[in-house]
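Number of protein chains: 2
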Amino acid sequence: MLAYAFVAQTPAVDEAMISGIEQAGIEQAPNFQPLYRQIRLLILKRLAKNTWRPGEMLPSETKLAQQFRVSQGTVRKALDELAGQNLVVRQQGKGTFVAQHTPHRALFHFFHLVGDDGSRKLPESRLISCASGRAEPRERECLALSSRAHVVRIRRVRSLDATPVIVESICVPAAQFQGLTDASPAELPNTLYAFYEQRFQVVIAHAVERLKAVSANAEEVRLLKLPRGAPLLEIERIALGHEHNPIEWRRSRCHTDNCHYLNELD
Amino acid sequence: MLAYAFVAQTPAVDEAMISGIEQAGIEQAPNFQPLYRQIRLLILKRLAKNTWRPGEMLPSETKLAQQFRVSQGTVRKALDELAGQNLVVRQQGKGTFVAQHTPHRALFHFFHLVGDDGSRKLPESRLISCASGRAEPRERECLALSSRAHVVRIRRVRSLDATPVIVESICVPAAQFQGLTDASPAELPNTLYAFYEQRFQVVIAHAVERLKAVSANAEEVRLLKLPRGAPLLEIERIALGHEHNPIEWRRSRCHTDNCHYLNELD
DNA sequence: GAGTGGTCTAGACCACAGC
DNA sequence: CTGTGGTCTAGACCACTCG
C-alpha cells in the first residue's frame, strides 16, 4: 500500500514531486506512482518548460539516472514510455532527442487523408487570409481563452495533385503567436507545426480530431469547384501542448471523392 | 552483425523459428531479431492457432521462460509488447489472458462514434436482412476470397437514443461462418465480435477504417428519415485476424448531426 | 576509442488474487 | 500461504555513431 513513495534511501527524485502526499491521515486515495512514472513526469515537466528545444539531445540515461538517484533501468523505462508517445525519439548510438515536427511526422501522425489508391501526400496550401481579432465564444471555448483574448485566424485551400480538396480554417491565440499576422504569406509554410516550434517556441504534442459529414456551403462550392450541397468530410482538430493545453483549433472540410481518412484500430 | 541469432548455449527457442537463416553465405539481409521479439512471434503464432481460447490464461512468465529457455525478463518484454497491442491482457496477481471482445473493448477500441455532448454509447441494432450468396468482385477483393467463394451479408440499422443513425452492411466469408444465416435474428447480438469468437472461433485482432463523406441514397433516406441527399459519414472497415488476414468487411453510413467520429493523434 | 542506446540476464522485493 | 504479474536494481555484453 505504501509502495513506490520513496524507494532509495535518500529522497531520490526531489523537486517536490510527490505532490500528492497529504498529512490528513486516513484512507487518502493513494496517488503513489512507480518510480519510473515519477521520473517520466519529471522529464515531461522539463519538456513542457522547454528545458531542451525540439531536436535537442537529452542527457544520457546514465546522466539522468545519476541526477534522479535511480538506476539506469528505471530511467530507461521512463524514456521508453515517452518514446511510445512520440514525445522523444531514441537513436541507438546517438542519444535521446526531443521530438520534432518533421514532414514525416506531419504525414504519418498528423495527416490521415490518404488517396484512394493508397498514396500518401501532404497537400499544397494556398493562403486565403490571415488576420487577428477578438475571439468569438466558440473560439474561446475551444482554446480555453478569457473573454477579452484575441486570436489569429488563417484560412487556406489545400490541393492534392493540383486539385483543391480542402478548405481549412485555423485559429490560434494571438498572445502565443505575436507577429504571426505580420509574417508574409509566402512565409507561412505548408506544415505549420514545425513553424510554430521554430518561430514561436510553441510545441504541439497531441491532438484530438472529430469528424462529421456536412454539406458544402456556397464558399466551399466555389473554392473546391463542387456541385451545390456536395458532401464534405469535416475534420475538427484541437491541437494540444505537453500539458494538454489547447493551442490550435482547426477545421478542415474535405472533398473525399478521391481520398479518404485512414485510421487503424486494435 | 551476427547478434541475436542464438544467445543461449542451447538453441533456445526451437520450433524452427529462425526461419530466415540461409545457408547462402554472403550479405544476406539480416532478419535477425532480438530474442524477445522472437519469443513474441512464437506466442503470436500460438494465439493465431487458437492454442488458448480468448479469455483463457497463458502460462505464467516463469513457465514460458522455462519452455523457451530464456530468462523471465525476456518473456516479460515479449508479453508487454503483446499487451500493448491489446492482444493479451495482464492482471497483477492473476495472470496473462488472451484478449477478449468485451462490451468495453467494443466501445473504446472499435467504436469511435461519440455523441456531440461527449456521451459514449453502443447503438442498438435492428436486423434488416441476413443471407448468403456468391461473393461479388468487390467483396472478394476486400476479403481476399477466391472466385467461387460465398459470403454472408448482414444489414442492420443502428440507433442511438432510439433515433436511427447508422445503416450498416456487413460481409463475412461463409466458409468461416457456417450456420450464421441459420442463427435466429434475435440471436445476432449487438456486438458481433464477441459472437464471432464464441460461436465460430474467429478472432478479430485488428481493423482498418476508411472514412468518406457521401450523400444518402434513397434507402438510407427512408431508413434514417433524412432529407434527400443528406450528407452521411461512411465508415468502411476491414477487420483482421491475428495474422492480418481479412475476416469481415463492413460499411457503416452514419448520420452525424448529433454525433461525431473521435480520433486521438500524437 | 569513447559514448550512446539496446538486449539479456539474475535476483530481490512488492502488490495483488485466491484458496 | 502460494502463485501471479509489477518494480527496481546491477552488471555484462552488443550495436551503432562519431571523432
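If you read the protein sequences in the order shown, they are chains A and B.
Okay, so the first sequence: first residue is 39 according to this note's numbering, each after it adds one.
Okay, so the second sequence: first residue is 39 according to this note's numbering, each after it adds one.
Every residue gets a Cβ at the ideal spot worked out from N, C-alpha and C, and that includes glycine.
In this text, all values refer to a predicted model and were calculated from it rather than measured experimentally.
Considering only residues of the same chain and omitting the five flanking positions on each side of residue i, which have a CB-CB separation below 7 angstroms?
| i | result |
| --- | --- |
| residue 158 (chain A) | 145, 152 |
| residue 65 (chain A) | With a pLDDT of only 38 at residue 65 (chain A), under the threshold of 50, the placement of this residue in the model should not be trusted, and no figure is reported. |
| residue 137 (chain B) | 92, 124, 125, 126, 127 |
| residue 154 (chain A) | 296, 297, 298 |
| residue 61 (chain A) | Only weak support exists for where residue 61 (chain A) lies, its pLDDT of 36 falling under 50; the value from the coordinates is given anyway. So no residue of the chain qualifies. |
When DSSP builds the beta bridges, which residues end up paired with residue i?
| i | result |
| --- | --- |
| residue 140 (chain A) | Answer by DSSP bridge pairing: none, since residue 140 (chain A) is not bridged. |
| residue 272 (chain B) | B:250, B:291 |
| residue 163 (chain B) | B:196 |
| residue 202 (chain B) | B:197 |
| residue 209 (chain A) | A:191, A:287 |
| residue 168 (chain A) | A:192 |
| residue 299 (chain B) | A:249, B:151 |
| residue 128 (chain A) | A:134 |
| residue 277 (chain B) | B:245, B:286 |
Take the Cβ of residue i as the centre, count every other Cβ of all protein chains shown within 10 Å, and call the residue buried at 16 or more, exposed below.
| i | result |
| --- | --- |
| residue 254 (chain B) | buried |
| residue 235 (chain A) | buried |
| residue 188 (chain B) | exposed |
| residue 250 (chain B) | buried |
| residue 63 (chain B) | The predicted model places residue 63 (chain B) with a pLDDT of 37, which falls under 50 and marks its position as unreliable; any figure quoted below should be read in that light. Residue 63 (chain B) is exposed by the Cβ-count criterion. |
| residue 172 (chain B) | exposed |
| residue 174 (chain B) | exposed |
| residue 266 (chain B) | exposed |
| residue 285 (chain B) | buried |
| residue 277 (chain B) | buried |
| residue 212 (chain A) | buried |
| residue 257 (chain A) | exposed |
| residue 272 (chain A) | buried |
Taking 8 angstroms as the cut-off, decide whether the C-beta atoms of residue i and residue j are in contact.
| i | j | result |
| --- | --- | --- |
| residue 274 (chain A) | residue 289 (chain A) | yes |
| residue 165 (chain A) | residue 194 (chain A) | yes |
| residue 241 (chain B) | residue 279 (chain B) | yes |
| residue 298 (chain B) | residue 264 (chain B) | no |
| residue 112 (chain B) | residue 81 (chain B) | no |
| residue 141 (chain A) | residue 197 (chain A) | no |
| residue 303 (chain B) | residue 268 (chain A) | no |
| residue 300 (chain A) | residue 248 (chain B) | yes |
| residue 229 (chain B) | residue 139 (chain B) | yes |
| residue 291 (chain A) | residue 270 (chain A) | yes |
| residue 281 (chain B) | residue 86 (chain B) | yes |
| residue 203 (chain A) | residue 262 (chain A) | yes |
| residue 180 (chain B) | residue 287 (chain B) | yes |
Leaving out five residues on either side along the sequence, give the residues of the same chain with a beta carbon under 8 angstroms from the beta carbon of residue i.
| i | result |
| --- | --- |
| residue 134 (chain B) | 95, 96, 98, 99, 117, 121, 126, 127, 128 |
| residue 283 (chain A) | 182 |
| residue 169 (chain A) | 190, 191, 219 |
| residue 88 (chain B) | 239, 241 |
| residue 215 (chain A) | 190, 234, 238, 240 |
Skipping 5 residues on each side, what residues in its chain have a beta carbon closer than 6 angstroms to that of residue i?
| i | result |
| --- | --- |
| residue 223 (chain B) | 165 |
| residue 74 (chain A) | 112, 115, 116 |
| residue 102 (chain B) | 113 |
| residue 150 (chain B) | 299, 300 |
| residue 67 (chain A) | Note that residue 67 (chain A) scores 43 on pLDDT, short of 50, meaning its location in the model is unreliable and no value can be drawn from it. |
| residue 208 (chain A) | 192, 288 |
| residue 227 (chain A) | 233 |
| residue 252 (chain A) | 270, 272 |
| residue 231 (chain A) | 139, 242 |
Is residue i near the ligand MN, with its Cβ less than 7 angstroms from a heavy atom?
| i | result |
| --- | --- |
| residue 208 (chain B) | Ligands displayed in this structure: none; no statement on the ligand MN is therefore possible. |
| Which of the residues in the stretch 235-248 of chain B, read from start to end, lie with their CB under 7 angstroms from any CB of chain A? | 244, 245, 246, 247, 248
Review point. When you check each C-beta in the stretch 142-153 of chain B against every C-beta of chain A, which residues fall closer than 7 angstroms?
Key: 147, 148
Review point. Which residues, taken in chain order from the stretch 98-117 of chain B, show a beta carbon closer than 7 angstroms to some beta carbon of chain A?
Key: none
| field | Residues of the stretch 194-212 of chain B with Cβ closer than 8 angstroms to any Cβ of chain A, in chain order | value | none
| Which of the residues in the stretch 289-303 of chain A, read from start to end, lie with their CB under 7 angstroms from any CB of chain B? | 294, 298, 299, 300, 301, 302, 303
_Positions along the stretch 266-284 of chain A whose CB lies within less than 7 angstroms of some CB in chain B_ = 267, 269, 270, 271
Closer than 8 angstroms, Cβ to any Cβ of chain B: which residues of the stretch 250-262 of chain A, in chain order?
250, 251, 252, 253
Residues of the stretch 218-234 of chain B in Cβ contact with chain A at a cutoff of 8 angstroms, in chain order, please.
none
| Taking any Cβ of chain B, which residues in the stretch 119-141 of chain A have a Cβ under 7 angstroms from it, in chain order? | 123, 124
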